[in-house]
Amino acid sequence: MNVVIVGSGRTGSALATSLASSGHTIALIDTDASNAAFLTDSDIGSGRIVVVEGDGTRDSVLEQAGIRDADMFASLTGDDSTNGLAALKAKITYRVMTVIATVWSGDLSSVFESQGVACVNPARLSADTVLANIPQVLQGQPTGTSGD
Amino acid sequence: MYVLVMGAGTIGLPLISSLVSSGHEVLAIEPDQRCSDQVRDRLGNVVVQGDATSSRVLQQAGASRADIFIATSGSDADNLAASLLAKNLFSVERTISVVNLQENAELFEQAGIDVTVSTTDLVLANISGALPAHPLLRLMPIRGRGLEIVGIKVPEGAAVVGRPLRDLQVPYGVQMNLIISGAGRTEIPTDDTVIEAEDEVIAVSPVESTRSLWETLTELR
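Order-wise, the sequence lines are chains U and E. First residue of the first sequence? That's 1 in the working numbering, and the numbers climb one at a time after it. First residue of the second sequence? That's 149 in the working numbering, and the numbers climb one at a time after it.
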């Protein structure tokens with residue numbers, strides 16, 4: 001599978017690493033290539049991850065990253081609007097089958113999802129994960145009754 | 149008419165000012181404190197400081213009763229996000245967005261924005277309008293049809309001056325709709341209409357033929 005990822009921060013790099021280890025080919029776009037510092041030498045040495053420096057909302061950069069042959073696209077920068085624009089381009093202009101974006105705002109998520117972009121809210125995911133690890137006995141209990 | 153304007157910068161500010169003076173109810177949403185202060189100083193209490201890509205800010209600005217939402221920020225990503233929120237979440241009837249990068253215009257329209265305005269096009273139109281050496285004004289693209297409305301000024305000494313329209317070698321598909329004389333008289337041209345120097349010809353032209361039409365009308369004798 002050919003995958004294009006915008007945003008090479010922690011999430012982008014982690015996704016790239018795990019997809020590369022299962023044999024997929026990844027182009028990782030970031031305005032600043034040094035953000036890809038989370039990638040290990042073996043990631044880069046594998047030849048499965050290519051870092052493209054540029055603005056992931058621009059046609060020329062997306063095309064350089066091979067979006068025309070991409071099976072999956074993920075926009076994972078810290079900015080909802082940027083992720084929305086990049087993802088809508090991937091979906092509408094380049095007709096990529098699977099398009100995912102991280103979006104913090106619930107309302108923007110529903111707007112982008114109505115256009116076929118799968119949205120993930122990282123804050124909600126973290127909170128849910130934390131919540132799932134809290135012992136059952138504490139959940140749903142009013143605070144201040146259990147002491148320290 | 150209640151108009152929400154996102155961004156009070158170089159495009160937003162004069163727009164807000166002109167909407168206010170034509171009597172519309174206007175509210176600007178501007179994230180930058182200095183810019184929003186500037187609007188308040190000049191135009192009164194018609195601005196809130198905030199980020200229009202936040203649905204909470206839009207709601208507080210009364211987006212659900214707005215008739216028009218106009219996005220004018222310098223970020224295409226923010227303009228798209230805010231316009232889609234206005235349209236989908238608050239059911240604003242008409243959404244208009246500035247497109248800073250020409251390449252984004254088509255996507256904006258496909259995503260459901262009603263009208264896009266490309267700043268590059270406007271600047272180019274103004275430049276070509278201001279330079280007498282290039283009397284070609286691209287007035288309006290007709291999207292999706294490969295046509296545009298253009299205005300071309302016939303220079304003094306052009307080969308076409310004094311000749312009727314039927315003699316002109318006009319490119320295929322060009323429709324000349326209006327001739328405005330140097331004195332400001334307007335005329336719907338017929339085959340018998342004679343071109344005069346300083347006439348401005350308004351035509352609908354296939355984009356690829358505009359150059360050739362311009363050459364026909366401006367070539368010197």
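Ideal Cβ placement from N, Cα and C applies to all residues, glycine included.
Taking 9 Å as the upper bound on Cβ-Cβ separation, chain E lies near residues Asp79, Asp80, Ser81, Thr82, Asn83, Gly84, Leu85, Ala86 of the segment 67-86 of chain U. Per DSSP, Ser105(U) is not a residue of any alpha helix (DSSP H), being assigned neither H nor E. Taking a beta-carbon distance threshold of 8 Å, Asn248(E) does not count as an interface residue toward chain U. Annotated three-state conformation of Gly222(E) is coil, per DSSP.
At a cut-off of 8 Å, the C-beta of Asp226(E) has a neighbouring C-beta in chain U.
Annotation: the segment 165-195 of chain E contains the following complete segments of the beta strand (DSSP E) (minimum length 3 residues), in chain order: 173-178. Per DSSP, Gly310(E) is not a residue of any beta strand (DSSP E), being assigned neither H nor E. At a cut-off of 8 Å between beta-carbon atoms, Glu251(E) makes contact with chain U. DSSP, read as helix, strand or coil, puts Thr40(U) in coil. In chain order, Val111 make up the part of chain U whose C-beta sits under 7 Å from the C-beta of Leu232(E).
Within the segment 91-118 of chain U, contact with chain E at the beta-carbon level (separation under 9 Å) is assigned to Ile92, Thr93, Ser105, Gly106, Asp107, Leu108, Ser110, Val111, Phe112, Ser114, Gln115. Counting the other Cβ atoms within 10 Å of the Cβ of Glu296(E) gives 16 or more, which makes it buried. In the three-state scheme derived from DSSP, where H, G and I count as helix and E and B as strand, Asn83(U) is classed as helix. Checking the DSSP bridge columns, you'll see Ile216(E) partnered with Val151(E), Arg242(E). For Thr201(E), at least one C-beta of chain U is nearer than 8 Å to its own C-beta. For Ser223(E), the C-beta contacts it makes with chain U under 8 Å involve Ser81, in order along the chain. For the segment 28-59 of chain U, the beta-carbon criterion of a distance under 9 Å to any beta-carbon of chain E is satisfied by Thr57, Arg58, Asp59.
Within the same chain, Cβ atoms closer than 6 Å to the Cβ of Ser329(E) are found at Asp347, the five residues on either side in sequence being excluded.
Interface residue (Cβ-Cβ distance to chain U less than 8 Å): Asn236(E) is classified as such.
Neighbours of Leu15(U) in chain E, taken as residues at a C-beta separation under 7 Å, are lacking, since the least C-beta distance is about 21 Å.
Residues of chain E whose Cβ lies closer than 8 Å to the Cβ of Leu88(U) are, in chain order, Leu228, Leu255, Ala259.
A Cβ-Cβ contact shorter than 8 Å links Ala225(E) with Leu85(U). Here Gly321(E) is exposed: its Cβ has fewer than 16 other Cβ atoms, across all protein chains shown, within 10 Å. Ala101(U) is positioned such that its CB atom lies no closer than 8 Å to that of Ile5(U).
Rounded to the nearest whole angstrom, the CA to CA distance from Thr268(E) to Lys301(E) is 22 Å.
Of the other Cβ atoms in all chains shown, fewer than 16 fall within 10 Å of the Cβ of Ser42(U); this residue is therefore exposed.
When the alpha-carbon of Phe238(E) is set against those of Val111(U), Asp79(U), Val96(U), the nearest one is in Val111(U).
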